[in-house]
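Participant:
Protein chains in written order, with this note's numbering: chain G, 36 to 507; chain Z, 36 to 507.
1. Would you call residue 344 of chain Z buried or exposed, if buried means 16 or more other Cβ atoms sit within 10 Å of its Cβ?
2. Going straight from the alpha carbon of residue 416 of chain G to that of residue 422 of chain G, what length do you get?
3. Mind checking residue 128 of chain Z: buried by the 16 CB within 10 Å criterion, or exposed?
4. Got a sec: is the Cβ-Cβ distance from residue 490 of chain Z to anything in chain G below 9 Å?
5. List, from N- to C-terminal side, the alpha helix (DSSP H) runs of 4 residues or more that fit wholly inside the stretch 160-227 of chain G.
6. Does the stretch 241-255 of chain Z come into contact with the stretch 112-126 of chain Z, if we say contact requires no fewer than three beta-carbon pairs (one atom in each stretch) closer than 8 Å?
7. Mind pulling the chain Z residues with CB within less than 8 Å of residue 91 of chain G?
8. Mind checking who residue 457 of chain Z pairs with in its DSSP beta bridge?
9. When we look at the beta-carbon of residue 181 of chain Z and count the other beta-carbons within 10 Å, is it buried (16 or more) or exposed?
10. Note down, in chain order, every chain Z residue with its Cβ under 7 Å from the Cβ of residue 150 of chain G.
11. Count the other C-beta atoms from every protein chain shown that fall within 10 angstroms of the C-beta of residue 136 of chain Z, then say buried if there are 16 or more, exposed otherwise.
12. Nearest to residue 406 of chain Z by alpha carbon, out of Z:495, Z:286 and Z:166?
13. Does residue 395 of chain Z come out as helix, strand or coil in the three-state DSSP assignment?
14. Is any beta-carbon of chain G found at less than 9 Å from that of residue 319 of chain Z?
15. Compare the Cα-Cα distances from residue 104 of chain Z to each of G:109, G:146, G:274 and G:99 and report the closest residue.
16. When you compare the CB of residue 433 of chain Z with every CB in chain G, is at least one pair closer than 9 Å?
17. Can you confirm whether residue 154 of chain Z, when its beta carbon is compared against all beta carbons of chain G, has any partner nearer than 9 Å?
18. For residue 121 of chain Z, which beta-bridge partners are listed by DSSP?
19. Give the DSSP bridge partners of residue 132 of chain Z, in chain order.
20. Three-state secondary structure (DSSP) at residue 486 of chain Z?
21. Is the number of C-beta pairs between the stretch 435-446 of chain G and the stretch 292-299 of chain G that are closer than 8 Å three or more?
22. Listed from N- to C-terminal order along the chain, which residues in the stretch 215-249 of chain Z have their beta-carbon within a distance smaller than 9 Å of any beta-carbon of chain G?
23. So what's residue 97 of chain G in DSSP terms, helix, strand or just coil?
24. Output needed for residue 94 of chain G: all residues of its chain with C-beta closer than 7 Å, excluding positions within five of it in sequence on either side, in chain order.
25. In the DSSP assignment, find the unbroken alpha helix (DSSP H) run with residue 260 of chain Z in it and report its ends.
26. Tell me the rounded alpha-carbon separation between residue 67 of chain Z and residue 261 of chain Z.
27. Counting along the chain, where does the beta strand (DSSP E) carrying residue 311 of chain G start and finish?
28. Which residues, in chain order, does the stretch 73-98 of chain G contribute to contact with chain Z at a C-beta distance below 9 Å?
29. Residue 498 of chain Z by DSSP, collapsed to three states: which one?
30. If you drop the 5 nearest sequence neighbours on each side, which residues of the same chain put their C-beta closer than 6 Å to that of residue 143 of chain Z?
31. DSSP has residue 444 of chain Z in a bridge; who is on the other side?
32. Which parts of the stretch 331-380 of chain G are runs of the beta strand (DSSP E), unbroken and 3 residues or longer, counting only runs that do not cross its ends?
33. DSSP state of residue 465 of chain Z, grouped into three classes?
34. With the cut-off set at 9 Å, would you say residue 150 of chain G and residue 164 of chain G are in Cβ contact?
35. So which residues of chain B does residue 470 of chain Z contact, with C-beta pairs closer than 7 Å?
36. Counting along the chain, where does the alpha helix (DSSP H) carrying residue 85 of chain Z start and finish?
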């Protein structure tokens, strides 16, 4: 068979199911129940109380820190207090990174402090050197090897403010790729304008890693006012900076994914997954990142769980509080690895991890036979001001590894206009959450989860077999 | 003479001048010149460049710190670069307070850091104690002596946001009076919700002093999110905090008021005073407090100074960059003391020390014979969006000691809606200033100073004789 004929045959296979498949549908009773859940959620304060409790009683909870273990105990107790039918933990092991102290100063004729924070994964060390400013990451990447010998590279790129949060793509790229580019050019330290949109003296941390084979150098982010200041000083003439970081990798740590379930009415072994991540960075109290996601998903499950058993959805609602998302999706990857053999029993999943701003759009990428059911869910969400938009992306960070092995994902897109004002900074605190916006999120998650869990038919996860085990 | 008759006679004396006094008037040529100055100032960038230079090249410049001396040298050089006719300094001596380090942590079951800053004037020391929260200052003031033995008092009062900035009255009162009340009740430490209106993790510093005879205790302000957090934790149960401050008074320091003059056309020994304060707190770069005031007043004088000599106002424009306003108006008081014998040669004064927000109202409290001239000035300011409002208060902090001994003051009231978001915090940085708003301030100060300096007649300063020298 020629290649073109083969391609035509394959296209036919893909577009025309071999078996005429029944469309996935959601029954009227489920629509009625989800509508009531949605409206009740708008007046319910559970998510607020959960988020308040986590951010107050545990506070900052960086993965591997003493507060990580307190957060796990808190989550177990909270699931139980909220009446979940089953509560358990699953281990998640990762390298531990510690931040002990950090400071920076301009030296010379204009001495003054700079507000910096070490990027997660930075080695410790103190460097005093002239700063070389780059207006783009590409400019640093084009620097000749050795050209920054004995210098500190400073990448001064402003990420844009966007309602979708997509401006973070640029900011996180500067954080992820910049340090390695600096090492390749010979730099002994790396500074960047924070991946953030606010003009407060709060630098934004976040994980970064060096390419294999490179010798790590101290790396830190400047607050936006400090990046402005350093750019002005560098424009006046050669500017030396002292960067002193005491931090670094220190062994391994085993935390836990904490999981709570509301058992399904008739298909208890099939699950709809919702969740957020339990860890936070250490600088703030992790309210928008991701206390809100924990509060929203725990509250959504709780509202479904308090229904009479006969009115529960057919499938189980599984709420996952993921361990260590911040340093590399360790919780999500561990869950996917542990559950890959049963991934086809995961009906669909959604993670809340973009703060507590209003949800404005919904979609799920599913086969044609399930599109009507997605539209049915969208209809229930519409009164919340949520549009059914085909371009809405699914999958939060921790559920993306499930999606990669076959689970369908729903996207509940939040207004992230202000999210990157606070993200990964000391300013990520409870006061940044609007209780009414938080409740709108719960309403959407509760209705979505209920409807997906009660659908007659699936959303496509069963289409893909789990990957074969690796060959020996 | 009976008392009532005496009072009636005195009232007659006050309301009816013994000599029929010519009303103070401003000539048409001056109105034309000031109108041109006003409009030119709106397009001029001098104030921005001055403020940028001070906040970038000197940066934070707390009174008595090494940066204080750098600021003095900067101001002398800047006056000269701006073409001022005379530039000189006058010494200002004050006790020196130093901030070296500061931290606070919640202890016990919910351990976490709190963002605090020592209040200026705090002694150093480390205390670990239970926190007792007071919702009002009055509640603390009512606490029985000894009732806070071994405790940390926490006054949790939110100052209101107001366009005029008057909410700061409450905030600064809690800062000024709270520590002494805490000592009287036996407390070993003092914490307060910052006198601020923002919800960022930046506590607001500011001076405080203990009443004579009381033993000072460590005193610090919490950022608003941290005050919220501590209030929530205290509501959960007894909450212990460790407050560790390394700071304190350390000898004396002599700084300088830096003064620049644009010599008057025909009455060079009579002066109109404008200015701001050169010192800042150490946490930010002192952009709105008070780099803006320095920029506005230096630029206003500069714009007048670059006029042809024949078009200058009759009197001299004296621009004063005051030393150490923050810790007790030391610069203003030193100037008043040094110049009290010549206070009648001070036509009128105005200080810019409420940031760089737009000026929305103008007035000067003057005798009846000078009110028409004030109205003439108001007419020139009106196109800037500045209302002539009788209730507008005059005198900035540093010029108030001049007013006390007889100098008239003008009030150019600024929109302070956002001022207390940044005031006395690390967030007081250049990016908080809108160049167009800054230029509107310069336009108002330049027009006001020109018109006042060219008025035919005075604004009442000559009515009061300087106080008699103290008796030996």
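We put the CB at the ideal spot given by N, CA and C, even for glycine. Every value quoted in this text rests on a predicted model; they were computed, and no experiment measured them.
Facilitator: According to the structure shown:
1. exposed
2. 8 Å
3. exposed
4. no
5. 172-176 and 203-219
6. no
7. 145, 264, 267, 268 and 271
8. Answer is none; residue 457 of chain Z lacks a bridge partner.
9. exposed
10. 461
11. exposed
12. Z:495
13. strand
14. yes
15. G:146
16. no
17. no
18. Z:296
19. Z:284
20. helix
21. no
22. 233, 234, 235, 236 and 237
23. coil
24. 102 and 320
25. 259-271
26. 54 Å
27. 302-312
28. 87, 90, 91, 92, 93, 94 and 95
29. At residue 498 of chain Z, the pLDDT of 46 sits below 50, so the modelled position is not reliable; the number obtained from the coordinates is stated separately. Note: residue 498 of chain Z maps to helix in three-state DSSP.
30. 275
31. Z:384
32. 350-357
33. helix
34. no
35. Note that chain B does not occur in the displayed structure, where the protein chains are G and Z.
36. 81-88
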